[in-house]
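Residue numbers (the numbering used here): 419 to 610.
Even for Gly, the Cβ is constructed at its ideal location relative to N, Cα and C.
Bear in mind that the values here come from a model prediction, so they are computed numbers and not experimental data.
Working notes, beginning with the structure itself.
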Amino acid sequence: MPATSIKDAIAKWQAENPEEKPGTAQKVSLIGQLPPIEKMDATLNTLVACEQLSLSSNAIEKISSLGGLKNLRILSLGRNNIKNLAGLESVGDTLEQLWMSYNIIEKLRGIATLRKLKVFYLTNNKVSDWGEFMKLTELPSLEELNFVGNPLQEKQSEGSEKEWREAVMGRLPKLKKLDGDPIVRADAEDDD
């Protein structure tokens, strides 16, 4: 059975949401298509007003064709087969939240283009070393990070969860929430 195309997925979405038009909708959900979407294509550029795009639970291997989404703030690509973050450059000036959990990402090359990224969900991927993790320091707006289930986090948490949190807090001093829990810093308490 051939994969579902973006065009067919959008048509199905529109049939389920007759009051919405792809060109004016702010939120579009193409989650869990059967058969799954395997490729992001230029049809995505018809979603010109879209602020939140959900493509989770498909079989996408590569991020692409986001150039026309000039208003995109939230992108959900969890539970796909994505190996890297290439293809996000065109939404670097608008994207505030990126949901990439349950993929097969090892490297964070390209993350620095996301200058406005505040929330990054990257649980259950394949990031295994601090060198890759340190690329997150290039995100000036990052406030919330979910990183549970990556080999680096699992290894660092073997001693205790506290050691992991302290290691991350030292590397990402602006972070406000890690793995679902607020970060409380001693220096913040002293300011009161």
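Following the continuous alpha helix (DSSP H) through GLN574, name the residue where it begins and the one where it ends. 569-574
8 Å contact criterion, which VAL537 and GLU561 should meet: CB distance rounded: 7 Å
Measure from the alpha carbon of LYS439 to the alpha carbon of each residue in LEU448, ILE500, LEU465, ALA604, then state which is nearest. LEU465
Return the chain-ordered ranges of every beta strand (DSSP E) run that is complete within the region 419-502 and spans a minimum of 3 residues. 445-447, 470-472, 492-494
Could you have a look at GLY598 and say whether DSSP puts it in helix, strand or coil? coil
Please classify ASP609: does DSSP put it in a helix, a strand, or coil? Residue placement at ASP609 is poorly supported in this model, since its pLDDT is 47, which falls under 50; the coordinates still yield a value, given next. Reduced to three states, the DSSP call for ASP609 is coil.
Tell me the DSSP bridge mates of TRP517? SER494, TYR539
C-alpha gap between GLY441 and ALA467, whole angstroms: 6 Å
Compare the beta carbon distance of ILE482 and GLY496 with 7 Å and say whether it is the shorter of the two. Note that residue 482 corresponds to Ser in the displayed sequence, not to Ile. No. Outside cutoff.
Rounded C-alpha distance that separates LEU503 from LYS525: 8 Å
Whose C-beta lies closer than 7 Å to the C-beta of GLY510 among residues of the same chain, with five residues either side of it excluded? THR531, LEU532, ARG533
Within 7 Å of any Cβ in chain B, is that where the Cβ of ALA460 sits? In the structure shown, chain B does not exist; there is a single protein chain.
Close Cβ partners of ALA522 (< 8 Å) along its chain, the five nearest in sequence each way excluded: Contrary to the premise, residue 522 reads as Ile rather than Ala in this sequence. Closer than 8 Å at Cβ, skipping near neighbours: ASN499, ILE500, LYS501, ASN543, LYS544.
With a threshold of 16 other CB atoms inside 10 Å of the CB of VAL602, please say whether the residue is buried or exposed. exposed
Under three-state DSSP, which class holds LEU590? coil
Beta-carbon separation of LEU513 and LEU487 under 7 Å? no
Own chain partners of ILE428 with C-beta closer than 6 Å, once the 5 adjacent residues on each side are dropped: PRO440
CB-CB under 6 Å to PRO569, same chain, minus the five flanking residues each way: which ones, in chain order? SER546
Can you give me the Cβ contacts of ALA421 inside the same chain, cut-off strictly under 8 Å, excluding the 5 residues immediately before and after it? PRO453, PRO454, ILE455, GLU456, LYS457, ALA477
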